Amino acid sequence: MKRNPLIWIALSILLSACATQPGPEPTEWRGGNTSSGMTRNMIVTFSGFNGDQMMNMEMSMEEFPGFVSMRTSEAMGRRKTMQYKSSANIAKLEHNLRLMLRKHGYRGRITFQGVHFTIETTGGGRT
Numbered sequence: 001m002k003r004n005p006l007i008w009i010a011l012s013i014l015l016s017a018c019a020t021q022p023g024p025e026p027t028e029w030r031g032g033n034t035s036s037g038m039t040r041n042m043i044v045t046f047s048g049f050n051g052d053q054m055m056n057m058e059m060s061m062e063e064f065p066g067f068v069s070m071r072t073s074e075a076m077g078r079r080k081t082m083q084y085k086s087s088a089n090i091a092k093l094e095h096n097l098r099l100m101l102r103k104h105g106y107r108g109r110i111t112f113q114g115v116h117f118t119i120e121t122t123g124g125g126r127t
């Protein structure tokens, strides 16, 4: 049986397109505590968001599984830094922060270094 190269090209294009398509978005906060049950002290900084947007995100963060407490340590204009205490691990918190941005329709970039998350707006705040 002779193989048609056009079929193989079309098949490889189709498969590569499927591999790069994002999967379904998760709709629930990722839960669970760290295996040791320890709480973690983290710093979360919002940058470039307006007051209402920051308040919406703070209320969402209180709903995250593992949430213990949160308090503002510094606020100036469109920048706010908070002390966030949680029993969730870092990966779960990062996942929930990304999901939070999507749920509110905010455009943003999340960076993480050590125990400090920075959430910066990228283009107007709403998608």
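Everything in the sequence shown is counted per our numbering, starting at 1 for the first residue and increasing by one. Heads up, the beta-carbon is just placed ideally off N, CA and C, and yes, glycines get one too. Remember, it's a predicted structure, so these values are computed and weren't measured experimentally.
- Spatial neighbours of E58 in its own chain (CB-CB distance under 8 Å, excluding positions within 5 residues in sequence) are listed in chain order as M70 and M82.
- When secondary structure is reduced to three states using DSSP, M38 falls in the coil class, being assigned neither helix nor strand.
- T72 counts as exposed, since fewer than 16 other beta carbons sit within 10 angstroms of its beta carbon.
- Restricting attention to Q53, D52, A88 and N50, the CA atom closest to the CA of F67 is found in A88.
- Taking the C-beta atoms as reference points, R102 is found no nearer than 7 Å to T122.
- Rounded to the nearest whole angstrom, the C-alpha separation of Q113 and H95 is 15 Å.
- In the three-state scheme derived from DSSP, where H, G and I count as helix and E and B as strand, S60 is classed as helix.
- Per DSSP, A91 is one residue of the alpha helix (DSSP H) stretching across I90 to H104.
- One Cα belongs to A75, the other to F46, and the distance between them is close to 9 Å.
- With fewer than 16 other Cβ atoms inside 10 Å of its own Cβ, G51 counts as exposed.
- It is roughly 25 Å from the alpha-carbon of G105 to the alpha-carbon of K85.
- When rounded, the separation of the alpha-carbon atoms in R109 and G77 is 19 Å.
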